[in-house]
Amino acid sequence: MFVFKRDGRKERVQFDKITARVSRLCYGLDAEHVDAAAITQKVISGVYQGVTTVELDNLAAETAAYMTVTHPDYAILAARIAVSNLHKQTKKQFSTVISDLYHYVNPRNKRASPMISQATYECVMKHEAELNSAIVYDRDFNYQYFGFKTLERSYLLRLEGKIAERPQHMIMRVAVGIHGDDIESAIETYNLMSSKYFTHASPTLFAAGTPQAQLSSCFLIDMKEDSIDGIYDTLKTCAMISKNAGGIGLNVHRIRATGAYIAGTNGNSNGIVPMLRVFNNTARYVDQGGNKRPGAFAIYLEPWHADVFEFLDLRKNHGKEEVRARDLFYALWIPDLFMKRVEKNGTWTLMCPNECPGLADVYGDEFEALYEKYEAEGKGRKTIKAQKLWYSILEAQTETGNPFMLYKDACNRKSNQKNLGTIRSSNLCTEIVEYCAPDEVAVCNLASLALPTYVNQNDGSYDFQKLHDVCQVVVKNLNKIIDINYYPVPEARKSNFRHRPIAVGVQGLADVFLALRLPFESPEAKHLNIQIFETIYHAALTSSVELAKQHGTYETYEGSPASQGELQYDMWKVTPTDLWDWATLKQQIKQHGLRNSLLVAPMPTASTSQILGFNECFEPYTSNIYSRRVLAGEFQVVNPWLLKDLVDMGLWSDNMKNRIIADGGSIQNVPNIPADIKALYKTVWEISQRTIVQMAADRGAFIDQSQSMNIHMKDPTMGKITSMHFAGWKLGLKTGMYYLRTMAASAPIQFTVDQEALLVADTNIARERIVKKRPAAGFITQTPGPQPMYRKTTSPNTNSAVLNGVPTPTATPPPMSENKKFTPAAVIKTPAFKADVPEGESPKALATEPATAPPKEEQLPEPANPVKSQEEDFKDESDDRENDIYAEAALQCSIENREACEMCSG
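The opening position of the sequence shown corresponds to residue 823 in my numbering, with each subsequent residue numbered one higher.
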């Protein structure tokens, strides 16, 4: 039997070579749990006459990946095999690869089709020796298997269908694409990105250094005009942006409603629904960057618009196809007046923007005065109970996860761009809040900080100084992208050069808490959440001041809140901690100004967090076991932190895995898992929604844009969702909700579980874990900068190598702290949040327009008295609701959003 080598040579099969190759890649892994022989046996069983060595490597990597549920080190081994395989198929030198990509000739038409821009090519050739020597190829082995496969699938450039780049080549291409001849900055960016301190967003990773380098993620568009010319000009703008991999937020507040008079034709308007179907088809046709991701548009509407009920139905699963547009995403831009009317069970008047102009152009008291003036003049189309519209919103959210909820007044009042005019919408992922106009398309460039990389495992501290330093580099990078970017439309260039907004986000907050052994709901986790975002905001402002010293302020700086000494936390009326010197920073801003109008906006990070191997943005883990689908098949993945803990305690087995699957990814009902471990590994479904909303508000004082905050509910009811929305609104959130995520009644993976075997998992006894001492000085301190992740240190208690003392989730989590054990009693106690309390049955279907006042139990809560405590605000008010039509069914969100929300994150 023979195999084909990578160079085409034929060679006899030598099974010992396969064994040696797999064994060689097991260095530093847990020899007790990683069985190289088992992988080799499965690979040998797949050998056939004429198999290639590439296929054998792929089989070995897939086999190791399937065994990840046995021990997390198998994920490292799978990645090593896959990376080693790619290294054998690609050229090593960065300059050689760039030259090949630049001189590419399309084999179909024999025309030169360079995949690298001339400027990038010339820069690389000019600094060839310096750039080649700066690359550390061993850092490719720090990727997890699934992160590496994501890079292979979408990010690494190909020649004639074959991957030409290695991950390190891609990172250096991005660095050189941003910095050009500033080689020192390019190498600094390369080192930080390749060591997992931060990553740029997907559009930047896709396109940096290429001939058409459109590196921005988010575009916010204002409808040019309520006319055929205006609508179709806007449609073309959307198509051009989507073609170049941009995600779009579009507001349609000022498009006339159904039945409105059209003077030019003496006819009547068909309203927004037929128009949105045209935008829907454009999103389907014009994908982002040629089949990399589907086009994605979010449509924003204010709830006073007369077509709002039809708008809420557009994404629903049932109904006539001609009144549906299911490929768009929908969001409400909600004025405070609507929330007040809902709370008081008042009336709400629907209006046409053509008959009641100007409502979209004002906010706050000015909006309320104009709206009530139109009501008094009888100009509205229809007056309804505000709660009728409210429950239609909740019904749509329960069925589809949409519409997103953003609060117009909070977004405008607490914006550093409020001197420009009224902000009319957010973006596709609800974290970008920027001014746009018919002649300005708002743009934002994104990057995310990998928060777990700043954990110092050796002493259980968090390195705020390193976070501060890296954040400043990220701000400089994003600011430079504004100048070098390719803009699909001139309106985008105009806006970005005038206001220069950027967005720094995060990923892996949940991993930070697990690395430091902090339950998500603990007081320490809540305090660390504030400290991290305060550090990021302070660093971003510091960097922007330095840029302003060199290049001057952004064009529209004068008149902004920052120019008057008002920063984001001032608008929230919050006093920052004493971690950083804010007084000196304010003095510097007063003296030199800012280079960027906006700086911080935590985005979803759907793809880039998968690449780096961390949990998404600031969200808790959604499950402790889940399936991940790649081209090779579907793999079961266990939360690696939990897996390591259970292995150390002697509790991990197939039976335990099946027990967790049967419980939907939860460990809370497994009797033999210790209480402190249960507290640490609560999933998002088991964490109080009050905690999620409150932590969003806590960090909100240091976020000058907004944040992509999802809400997760096992069994959503009208009362629970209402309670959650009002809590977020009263806390001052700008984004009240991105997606409403609901849990399926059962998952297909659960049907494979042997119920008899589950009893065995419950009888195992946990053995004592080895614990590591922490300094008594406290759980979080500022420390010197950690070593780069590629430099290996040895744990004092084991012989295993630890990267920078900070493992990615596939590496070894830290042992439990001796002096900080979290038991249920130690977990923070909070008053029951309305959205968390079992209600039995929920409110009766509300009479839409009752002749008399509705029954008392159907009314929403009265406005909160300002002197009431927060606990009273959250006090359960829905115990006595009954007969809700939603109480019987576990309603599952029908949105498959994994691809769409990658827009702003990558």
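The C-beta atom is built at its ideal place from N, Cα and C for all residues, glycine as well.
Nothing here was measured: the structure is a model prediction, and the numbers come from that model.
Reduced DSSP category for residue i - H, G, I as helix; E, B as strand; rest coil
i: GLY999; result: helix
i: ARG1137; result: coil
i: GLU1456; result: strand
i: GLN1529; result: coil
i: CYS1040; result: strand
i: HIS1534; result: strand
i: HIS991; result: helix
i: ALA1264; result: strand
i: ARG828; result: coil
i: THR1557; result: strand
i: GLY872; result: coil
i: SER1639; result: Only weak support is given to the placement of SER1639: the predicted model assigns it a pLDDT of 35, under 50, and the question is left unresolved by the model.
i: PRO1676; result: Note on PRO1676: pLDDT 39, under 50, position unreliable in the model; the coordinate value appears next. PRO1676 falls in the coil class under three-state DSSP.
i: ASN1278; result: strand
i: LEU1271; result: strand
i: ILE1206; result: strand
i: GLN1329; result: strand
i: ARG1563; result: strand
i: ARG933; result: coil
i: ALA1497; result: helix
i: GLU1704; result: Confidence is the limiting factor: at GLU1704 the pLDDT is only 33, short of 50, which leaves the residue's position unreliable and the question unanswerable from this model.
i: HIS1547; result: helix
i: HIS1729; result: Only positions 823 to 1728 of the chain appear in the structure, and residue 1729 is not among them; the question remains open.
i: TYR1284; result: strand
i: ILE903; result: helix
i: THR1059; result: helix
i: ALA1428; result: coil
CB contact flag (residue i, residue j, <8 Å)
i: ILE1215; j: LEU1134; result: yes
i: ASN1073; j: TYR1122; result: yes
i: ALA1423; j: GLY1558; result: no
i: VAL1334; j: LEU1273; result: yes
i: TRP1170; j: LEU1228; result: no
i: THR802; j: LYS1018; result: There is no way to answer for residue 802, as the model of the chain reaches only from 823 to 1728.
i: TYR1788; j: ASN1437; result: Nothing can be reported for residue 1788, as the shown portion of the chain is limited to 823 through 1728.
i: HIS1290; j: ALA1361; result: yes
i: ALA1269; j: THR1021; result: yes
i: PRO1442; j: ILE1489; result: no
i: SER805; j: GLN1329; result: Because the chain in this structure spans residues 823 to 1728, residue 805 falls outside the shown range and cannot be described.
i: PHE1119; j: PRO1157; result: no
i: MET1173; j: TRP1126; result: yes
i: ILE957; j: GLU974; result: no
i: LEU881; j: GLY868; result: yes
i: CYS1233; j: SER1528; result: yes
i: ALA1035; j: GLY1002; result: no
Identity of the residues DSSP links to residue i by a beta bridge
i: PHE1119; result: ILE1070
i: HIS1127; result: MET1173
i: VAL1184; result: BP columns for VAL1184 are empty, so no partner.
i: PHE1226; result: ALA1153
i: HIS1022; result: ALA1269
Beta carbon proximity, residue i to chain B, threshold 8 Å
i: MET1393; result: You won't find chain B in this structure, because it holds only one protein chain.
Expected contact under 8 Å - CB spacing of residue i and residue j to nearest Å
i: VAL891; j: LYS1302; result: At roughly 43 Å, the Cβ-Cβ gap does not stay under 8 Å, so VAL891 and LYS1302 are not in contact.
i: ASP781; j: LEU1420; result: Given that the chain is displayed from residue 823 to residue 1728, the structure contains no residue 781 and the question cannot be resolved.
i: ARG1076; j: SER1091; result: About 12 Å separates the two Cβ atoms, so there is no contact after all.
i: ASN1249; j: GLY1117; result: With a Cβ gap of about 14 Å, ASN1249 and GLY1117 do not count as contacting.
i: ILE1352; j: THR1406; result: With 8 Å as the limit, ILE1352 and THR1406 do not qualify as a contact, their Cβ atoms being about 20 Å apart.
i: VAL844; j: ALA853; result: With a Cβ gap of about 13 Å, VAL844 and ALA853 do not count as contacting.
i: ILE840; j: THR862; result: 5 Å
i: GLY1031; j: SER939; result: 6 Å
i: VAL1100; j: ALA1061; result: VAL1100 to ALA1061, Cβ: 11 Å. No contact.
i: THR1080; j: ASP1129; result: 6 Å
i: ARG1299; j: LEU1037; result: Checking the sequence, you will find Asn at residue 1299 rather than Arg. Not quite, the Cβ-Cβ distance comes to about 10 Å (not below 8 Å), so this is no contact.
For this session: Could you say if the region 1002–1009 and the region 1253–1262 meet the contact criterion of at least three C-beta pairs nearer than 8 Å?
Result: no
Problem set entry | Inter-stretch contact (C-beta, 8 Å, three-pair minimum) for the region 1307–1318 and the region 1279–1288 | no
Exercise. Below 8 Å, can you find three or more Cβ-Cβ pairs linking the region 1410–1417 to the region 1360–1380?
Worked result: yes
Problem set entry | At least 3 beta-carbon pairs within less than 8 Å: the region 1395–1414 vs the region 1432–1450 | no
Exercise. Between the region 900–917 and the region 949–967, do at least 3 Cβ pairs fall closer than 8 Å?
Worked result: yes
Problem set entry | Touching by the beta-carbon criterion (3+ pairs, under 8 Å), the region 1142–1156 and the region 1185–1202 | no
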